[in-house]
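Asks:
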Amino acid sequence: MSIQILPPQLANQIAAGEVVERPASVVKELVENCLDAGATRVDIEIDKGGAKLIRVRDNGSGIDKESLSLALARHATSKVTTLDDLEAIMSFGFRGEALASISSVSRLTITSRTEFQTEAWQAYAEGSQMAVKVIPAAHPIGTTIEAVDLFFNTPARRRFLKSDKTEFTHIDEWLKRIAIVRRDIHFTLQHNGKMVRNYRPANTQAQYLQRLAQISNKNFAEQAIQINCEHDGLKLTGYLQSPYQPSITLNTHYFYVNGRLVRDRLVNHAVRQAFSELSDQEQPNYVLMLDLDPHQVDVNVHPAKHEVRFHQSRYVHDFILQALQSALSQLPQGDGLSSVF
Ligand code: ADP
Ligand code: MG
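Take the sequence shown: its position 35, counted from the start at 1, is 35 in the UniProt record's numbering, and no numbers get skipped.
#1: So which of Ser101, Gln214 and Gln117 has the shortest CA-CA distance to Pro303?
#2: Which partner residues of Arg265 appear in the DSSP bridge assignment?
#3: Whose C-alpha, out of Gln330, Ala88 and Arg22, is nearest the C-alpha of residue 342?
#4: Report whether the distance from the Cβ of Ser91 to the nearest heavy atom of the ligand ADP is below 8 Å.
#5: Measuring only the C-alpha atoms, how far is Asn258 from Val297?
#6: Could you tell me the alpha carbon to alpha carbon distance between Arg197 and Lys176, rounded to whole angstroms?
#7: Quick one: what's got a C-beta closer than 8 Å to Asn219's C-beta in the same chain, skipping five residues either side?
#8: Below 8 Å, is the gap between the Cβ of Asp85 and the nearest heavy atom of the ligand ADP?
#9: Grouping DSSP H, G and I as helix and E and B as strand, with all else coil, what is Phe255?
#10: With a threshold of 8 Å (Cβ to nearest heavy atom), would Asp36 be considered close to the ligand ADP?
#11: Please work out which residues of its chain come closer than 6 Å, Cβ to Cβ, to Ala327, disregarding the five sequence neighbours upstream and downstream, and give them in chain order.
#12: Consider the C-beta atom of Leu70 and the heavy atoms of the ligand MG; say whether any pair is separated by less than 8 Å.
#13: Pick from Leu324, Pro155, Ile135 and Phe168: whose alpha carbon is nearest that of Ile46?
#14: Can you say whether Asn251 is buried or exposed, counting buried as having 16 or more other CB atoms within 10 angstroms of its CB?
#15: Of all the options Ala147, Gln223, Trp174 and Gly17, which has the alpha carbon lying nearest to the alpha carbon of Arg55?
#16: Check the DSSP bridge columns for His198 and list the partner residues they point to.
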């Protein structure tokens, strides 16, 4: 067989296999783009678990007319230009793949306006060459991206979608995790025309605890130990369940590295070790944010960016463990935690 270059749509559909697993992954990519664009408000509308419609609207910087077709092209990004950029990346995006992938497996339109334009423009890609059409539209400053009929042209993937309810739960769960770390953003989430979540910006500590209670659990938010520890360029902040409170089964195990939600065994291990002498709780709940020099961590490990690699993972683990141990050691044993706040 002769070797041929894949047509753009097929190449994008293959790449979509890694990035677009289900409606929640589309929501993740679209919302992360809003945050990268400096939005302060993000409105998400979902129909039928996302299989019918995913619409994400933001008030961020917008995309200018000339860039609209590029936004849909593969390996096109405004976020990285050099390897140095990649090694110190702080934005969520850098692969320039999400929109190309999503538009290859759904009917995707982008409507956007920047502050420098008096009118908005709308783009969509069609056909196997993914030629982009751009037409005038109406939109305030910011961007709306709409993905309709997800996987309509990849029936094998469409069959893997679970019930609308299950798919929506995945979206809701992901939004909880991002809403906890991006307290500055106003998020709303609608399902089938009904407002399901409304996370208002949390500018004060009291508002933040309210958001935490809304997302996780009231008891957890009221009784959690506040962590705030900094050493040698590493900073750990967040909340940890008290070992002296009755255990709450919440599954709140949220860990963020430089604002990015990651799955990492390191932090689970450190939490369990910190708890091991104080309590027999096996899965204490936590929301922990680690901030460090972006050069010290590699985020380009997995297309969906669920994982990171620390250059000095032992050191990071020990720092987290010590930060937790020191917070725990200041607790009055078996007592309420009001004195910690
Ligand atoms: P990446 O985020 O890795 O750059 P994407 O495919 O997700 O790749 O997006 C491509 C480009 O489209 C981005 O680099 C950005 O310039 C632009 N873009 C996408 N979504 C938005 C948005 N909501 N607001 C402003 N620009 C956006
Ligand atoms: Mg992106």
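The C-beta atom is built at its ideal place from N, Cα and C for all residues, glycine as well.
Replies: Working from what's here:
#1: Your numbering for residue 303 matches position 303 in the sequence shown. In terms of CA proximity to Pro303, Ser101 leads the group Ser101, Gln214 and Gln117.
#2: To locate residue 265, count along the sequence shown from 1; it is residue 265. In the DSSP output, where bridge partners are listed per residue, Arg265 has none listed.
#3: Only positions 1 to 341 of the chain appear in this structure, which leaves residue 342 out of reach.
#4: By one-based count along the sequence shown, residue 91 stands at place 91. At a cut-off of 8 Å, the beta-carbon of Ser91 counts as near the ligand ADP: some heavy atom of the ligand is closer than that.
#5: By one-based count along the sequence shown, residue 258 stands at place 258. By one-based count along the sequence shown, residue 297 stands at place 297. Rounded to the nearest angstrom, the two C-alpha atoms are 9 Å apart.
#6: On the sequence shown, residue 197 is found 197 positions in, with the first residue counted as 1. On the sequence shown, residue 176 is found 176 positions in, with the first residue counted as 1. Our two residues, Arg197 and Lys176, have alpha carbons roughly 9 Å apart in a direct line.
#7: The count along the sequence shown starts at 1 and reaches residue 219 at position 219. Around Asn219, the same chain offers Gln245 and Ile248 as residues with beta carbons nearer than 8 Å, after the five sequence neighbours per side are excluded.
#8: Residue 85 sits at position 85 when you count from the first residue of the sequence shown. No, since every heavy atom of the ligand ADP falls outside the 8 Å radius drawn around the Cβ of Asp85.
#9: Here residue 255 corresponds to residue number 255 of the sequence shown, with the count starting at 1. Of the three classes helix, strand and coil, the one that applies to Phe255 here is strand, per DSSP.
#10: Walking along the sequence shown from the start, residue 36 turns up at place 36. Distances from the CB of Asp36 to the heavy atoms of the ligand ADP include at least one below 8 Å.
#11: For this step, residue 327 is matched to residue 327 along the sequence shown. Within the same chain, Ala327 has close Cβ partners Ile225 and Ile227.
#12: Taking the sequence shown and counting its residues from 1, one reaches residue 70 at position 70. It does not: the Cβ of Leu70 is nowhere closer than 8 Å to a heavy atom of the ligand MG.
#13: Working through the sequence shown from its first residue, we reach residue 46 at position 46. Restricting attention to Leu324, Pro155, Ile135 and Phe168, the CA atom closest to the CA of Ile46 is found in Phe168.
#14: Position 251 of the sequence shown, counting from 1, holds the residue named residue 251. The residue in question, Asn251, is exposed, as its Cβ has fewer than 16 Cβ neighbours within 10 Å.
#15: If you number the sequence shown from 1, residue 55 lands on position 55. Cα-wise, what sits closest to Arg55 is Ala147.
#16: Within the sequence shown, the letter at position 198 stands for residue 198. Reading off the sequence, residue 198 comes out as Asn, not His. Looking at the DSSP assignment, Asn198 forms a beta bridge with Thr188.
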